[in-house]
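Using this note's numbering, read the sequence shown as starting at 674 and increasing by one per residue.
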Amino acid sequence: MRNTKETEREAEDSDQEINPCTVLLVQEHEEGKPEAIDDLVLHHHQQTFNLESIKSAVVIRQLPSQGLSFQLWPAATAFVSLLDRHDRSSTTLSSLLNRPHLGPLRILELGSGTGLVGIAAAAILGAHVTVTDLSHVIPNLKFNAEANMNAVGLNGGKVEVAALGWGVEKEMEAIKENDEYDVIMGSDVVYHDHLYNPLLQTLKYFLLGDRTKKEMVFVMSHLKRWKKESVFFKKAKKDFDVEVIHKHDPCDGSRVGVLLYTFVAKNKKKKVEVAESQ
Ligand SMILES: C[S@@+](CC[C@H](N)C(=O)[O-])C[C@H]1O[C@@H](n2cnc3c(N)ncnc32)[C@H](O)[C@@H]1O
674 MRNTKETERE
684 AEDSDQEINP
694 CTVLLVQEHE
704 EGKPEAIDDL
714 VLHHHQQTFN
724 LESIKSAVVI
734 RQLPSQGLSF
744 QLWPAATAFV
754 SLLDRHDRSS
764 TTLSSLLNRP
774 HLGPLRILEL
784 GSGTGLVGIA
794 AAAILGAHVT
804 VTDLSHVIPN
814 LKFNAEANMN
824 AVGLNGGKVE
834 VAALGWGVEK
844 EMEAIKENDE
854 YDVIMGSDVV
864 YHDHLYNPLL
874 QTLKYFLLGD
884 RTKKEMVFVM
894 SHLKRWKKES
904 VFFKKAKKDF
914 DVEVIHKHDP
924 CDGSRVGVLL
934 YTFVAKNKKK
944 KVEVAESQ
């Protein structure tokens, strides 16, 4: 049986990167293109996700003609299916997410897109979740958050929506002031190389910012598409311990499946101990 390091290396080094899911990126140039409201309503898709664990469902509106931020990505659906059975399928994920004695889990999601992952996490875990994205994506995120208020509230969950451009100091500060988070989540947020640095900057801001505080973790669901993505992981490993904690089976026609990673600040424990002894 292959261990997680081998799985990770295999995913990072593979040359075979043709995946049907890649086609979604073709529509990126249409991002933010103005469209009459009637057209938007005509072209929207509502997708229902049954959540077995809470005997409920969330319904997500997509606006495909508006670009990639308005569509559901494969890593999101894989992440949600794992969240829905996290206590059975991944002990690492389960131990990160189950902490009933400490009150609701506080989650910050980066690059939420349609909001499926954050909204489903709030519903399943009874978590307080802030879903975020670029400002032009916020109206659809709000629409989906409001449309799922009942399912989210079943276990005491809550969803807030906020604009957060990666690396945008003012927006990162506003988010940090507003709440303290236990977990940061992201799905399919590593795709274009010009976004690697802003994303890493954001992760460093939230995970390395105050080293005297408790350990925070970034849980990232990711479907590898290009070899160049190894650059992101190499850079990330300078500051974070990166581990694959779950591997989904590949979807039809693919060699690699969605992987779930955790990123934890390097030497976090050591630094906390030093700070406490001073
Ligand atoms: C590939 S989509 C994934 C969306 C969603 N997480 C999913 O899995 O369905 C990447 C998301 O990252 C967001 N994004 C891209 N660049 C960003 C930036 N500089 N700051 C914040 N979000 C960004 C996009 O708007 C988009 O929603």
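Glycine included, C-beta positions come from ideal geometry on N, C-alpha and C. Because the structure is a prediction, the values reported are computed rather than measured.
If you draw a straight line from the Cα of ALA795 to the Cα of SER927, it is about 30 Å long. Annotation for GLY930 indicates a beta carbon at 7 Å or more from all heavy atoms of ligand 1. Pairwise C-beta distances place the stretch 733-753 out of contact with the stretch 900-913, as fewer than three of them are shorter than 8 Å. Assigned with DSSP and collapsed to three states, THR787 falls in coil, not helix or strand. With contact defined as three or more Cβ pairs closer than 8 Å, the stretch 815-824 and the stretch 847-867 are not in contact.
Between GLU725 and the set LEU741, ARG758, PHE743, the nearest pair of CA atoms involves ARG758.
In the DSSP assignment, the residues bridged to ASP806 are ALA836. If you draw a straight line from the Cα of GLY838 to the Cα of LEU807, it is about 5 Å long. Counted as a single uninterrupted DSSP element, the stretch harbouring SER729 is not any alpha helix (DSSP H) but the beta strand (DSSP E) occupying residues 729-735. GLY799 sits close to GLY829, with the two beta carbons spaced by under 8 Å. Secondary structure note for LEU881: it is in no alpha helix (DSSP H), with a DSSP letter that is neither H nor E. Membership of ALA800 in any beta strand (DSSP E) is not indicated, and neither H nor E is assigned to it by DSSP. Under the three-pair Cβ rule at 8 Å, the stretch 928-936 counts as touching the stretch 887-903.
Per DSSP, VAL825 is one residue of the alpha helix (DSSP H) stretching across 822-826. Between THR805 and LEU781, the C-beta spacing is below 8 Å.
In the structure shown, LEU769 adopts helical secondary structure according to DSSP, grouped into three states.
The stretch 841-913 is shown to contain whole alpha helix (DSSP H) runs of 4 or more residues at 842-851, 869-880, 902-912, in chain order. In the DSSP annotation of this structure, the continuous segment of the beta strand (DSSP E) that includes VAL937 starts and ends at 932-938. Within 10 angstroms of the beta-carbon of ASP855 lie 16 or more other beta-carbons, which makes it buried. At least one heavy atom of ligand 1 falls within 7 Å of the beta-carbon of TRP839. At least one heavy atom of ligand 1 sits closer than 7 Å to the Cβ of TYR864. Between LEU770 and LEU755, the C-beta spacing is not below 8 Å.
Rounded to the nearest angstrom, the Cβ distance from ALA836 to ILE811 is 6 Å, consistent with a contact under 8 Å.
Setting aside the 5 residues that flank it on each side, ILE797 is surrounded in the same chain by LEU724, SER726, ILE727, LEU756, ASP757, each with a C-beta closer than 7 Å to its C-beta; the list follows chain order.
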